[in-house]
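Going line by line, the protein sequences match chains A and B.
Counting in the working numbering, the first sequence runs from 55 upward without gaps.
Counting in the working numbering, the second sequence runs from 55 upward without gaps.
Note that CB positions come from ideal geometry on N, CA and C, so glycine has one too.
Keep in mind that this is a model prediction, so the values were computed, not measured.
2 protein chains.
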Amino acid sequence: MGRPRRQDTRRTQIVEAAVKAIVARGYERVRIKDIAAEAGVSSQTVLYYFPDVEALLLETLSRLIHRFVEMRRDTADAVGDPVSQLAATIWAGLPAGPDDEIAVIYVSLGSIRRNPALRALSRALTEQQVELYRRILEAGSARGAFELRESSLVIAENLVALEDAYGLYIIEGDPITPEHAISRIATYAAAAVGVVHEDLLPASGGSRPADAL
Amino acid sequence: MGRPRRQDTRRTQIVEAAVKAIVARGYERVRIKDIAAEAGVSSQTVLYYFPDVEALLLETLSRLIHRFVEMRRDTADAVGDPVSQLAATIWAGLPAGPDDEIAVIYVSLGSIRRNPALRALSRALTEQQVELYRRILEAGSARGAFELRESSLVIAENLVALEDAYGLYIIEGDPITPEHAISRIATYAAAAVGVVHEDLLPASGGSRPADAL
């Protein structure tokens with residue numbers, strides 16, 4: 055049974071190389087040979103594992119998204135107090151800058167219009183994030199920590215929309231920092247759940263959960 | 055003095071053709087010959103007026119943005135009552151679908167990461183929208199129609215971020231309609247300025263101001 059495991063390892067190695075190649079060249083411009091060079095294998099080897107660049111990019115993006123969603127869920131689940139849980143979840147959703155893995159997801163999904171295969175992936179990602187927020191909002195409300203001013207669905211959708219927009223500004227090199235973005239999103243979240251804005255800001259000096267990706 | 059005016063007309067004709075060509079092929083894929091064909095002139099004629107495709111696209115986008123900003127401002131200024139003014143301004147900022155002129159602005163600005171020349175244009179657009187919202191918010195507050203729960207800057211920035219995100223979902227073919235988007239944004243706006251959500255929804259059957267672009 056050694057061979058399948060070795061194949062899995064090789065496959066993962068190629069996907070990780072694809073992440074780096076997408077960061078360097080962009081989702082739409084990356085070529086098999088860039089990924090092969092990054093992985094230290096031949097283009098033929100890459101094509102032994104994946105029929106074409108499109109299939110490889112889709113699997114790469116799908117794995118990145120899975121990892122991102124799990125990281126956010128684990129971040130939320132590691133915190134007991136609903137207010138800190140909401141704060142940590144917002145923080146975990148923002149890219150730190152143009153080159154981190156969250157940014158790669160944003161940039162890749164920016165090709166949706168020209169690539170319908172990405173649309174389902176994007177929609178699923180949005181829905182998973184909305185569901186995570188709803189769970190946090192409803193549990194916090196049940197425990198008496200939140201007073202929801204709107205339905206959990208509306209608040210969750212607006213939170214995801216705000217982080218999508220501010221996340222895009224960050225990765226586009228807009229002079230908006232993650233700290234500015236989180237302050238704005240926290241202002242909305244605080245008003246929507248009836249808590250104090252400052253309580254939703256990350257502890258100063260704390261590291262972003264996304265840095266552990 | 056007939057010649058300069060004829061030249062202006064021709065220039066405008068080429069820019070309008072460029073808008074259509076961008077809609078058809080995308081900002082990054084459109085070529086001089088597509089624009090020439092759309093304008094019914096030769097590629098040489100296009101290049102007589104613009105040194106290269108980049109200069110032509112930048113002028114096209116700059117004109118589109120100017121038209122969009124003026125339309126929003128005129129829409130706001132045509133309404134006396136602050137609540138209706140805010141509602142009309144939100145409505146005027148959303149694309150109706152993937153093919154209208156607002157969508158062209160979104161899609162073109164999506165190339166920011168690979169085109170630093172677009173960044174200043176994008177930032178200026180965001181700032182103009184934030185300023186328009188702040189003016190409406192502060193005038194409405196001064197007249198006693200709004201009770202601002204946060205600073206006008208925070209509310210304005212969040213409104214622009216929300217419309218950027220929902221606007222993107224609409225043009226990406228996400229199953230989110232402009233009506234759904236406006237309902238979500240209005241929920242936030244209503245809470246932030248202390249008015250009833252329903253008052254910020256567009257009158258049913260009313261036509262979108264953006265349709266008059």
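Three-state class that DSSP yields for residue i in the structure shown
i: Asp106/A; result: coil
i: Gly248/B; result: coil
i: Arg83/B; result: coil
i: Ser205/B; result: coil
i: Ile239/A; result: helix
i: Asp154/A; result: coil
i: Asp135/B; result: coil
i: Gly221/A; result: helix
i: Leu175/B; result: helix
i: Ser97/A; result: helix
i: Phe122/B; result: helix
i: Asn212/B; result: helix
i: Arg197/B; result: coil
i: Leu191/B; result: helix
i: Pro229/B; result: coil
i: Leu255/A; result: coil
i: Leu148/B; result: coil
i: Ser162/A; result: helix
Contact set between residue i and chain A, taken where Cβ atoms lie within less than 7 Å
i: Val208/B; result: Arg238, Thr241
Neighbour flag for residue i against chain A, beta carbons, 8 Å
i: Tyr220/B; result: yes
i: Arg173/B; result: yes
i: Ala215/B; result: yes
i: Gly227/B; result: yes
Selection from the options that minimises the alpha carbon distance to residue i
i: Asp131/B; options: Ala235/B, Ala246/B, Val69/B, Arg189/B; result: Arg189/B
i: Tyr220/A; options: Tyr81/A, Pro152/A, Gly80/A; result: Pro152/A
i: Arg127/B; options: Asp88/B, Glu92/B, Leu140/B, Ala245/B; result: Leu140/B
i: Ala71/A; options: Arg60/A, Glu113/A, Arg59/A, Pro105/A; result: Glu113/A
i: Ala178/B; options: Ile119/B, Ser195/B, Val208/B, Ser165/B; result: Ile119/B
i: Thr66/A; options: Ala78/A, Pro170/A, Val95/A; result: Val95/A
i: Arg203/B; options: Val100/B, Gly164/B, Ala243/B; result: Ala243/B
i: Leu186/A; options: Gly147/A, Gly227/A, Leu163/A; result: Gly147/A
i: Asp154/B; options: Glu181/B, Ile239/B, Asp88/B, Ala78/B; result: Ala78/B
i: Tyr223/A; options: Arg83/A, Lys74/A, Glu181/A, Ala150/A; result: Ala150/A
i: Glu82/B; options: Phe104/B, Arg60/B, Leu111/B, Arg59/B; result: Leu111/B
i: Ile230/A; options: Arg173/B, Leu191/B, Ser205/B, Thr241/B; result: Arg173/B
Distance between beta carbons of residue j and residue i, contact taken as under 8 Å
i: Tyr160/B; j: Ile225/B; result: 5 Å
i: Leu216/A; j: Ala215/B; result: 5 Å
i: Ala312/A; j: Val137/A; result: Since the displayed chain A opens at 55 and closes at 267, residue 312/A lies outside it and no answer follows.
i: Val84/A; j: Ala93/A; result: So it is not a contact: roughly 12 Å between Cβ atoms.
i: Ser237/A; j: Leu255/A; result: 7 Å
8 Å Cβ cutoff, residue i in contact with chain B
i: Glu211/A; result: yes
i: Glu192/A; result: no
i: Gln61/A; result: no
i: Gly248/A; result: no
i: Val73/A; result: no
Neighbouring residues, chain B, relative to residue i (Cβ below 7 Å)
i: Leu255/A; result: Ordered by position in chain B, no residue passes the 7 Å Cβ test against Leu255/A, which lies about 14 Å from the chain.
Interface partners of residue i on chain A, CB under 8 Å
i: Arg203/B; result: Ala245
i: Gly164/B; result: Gly164
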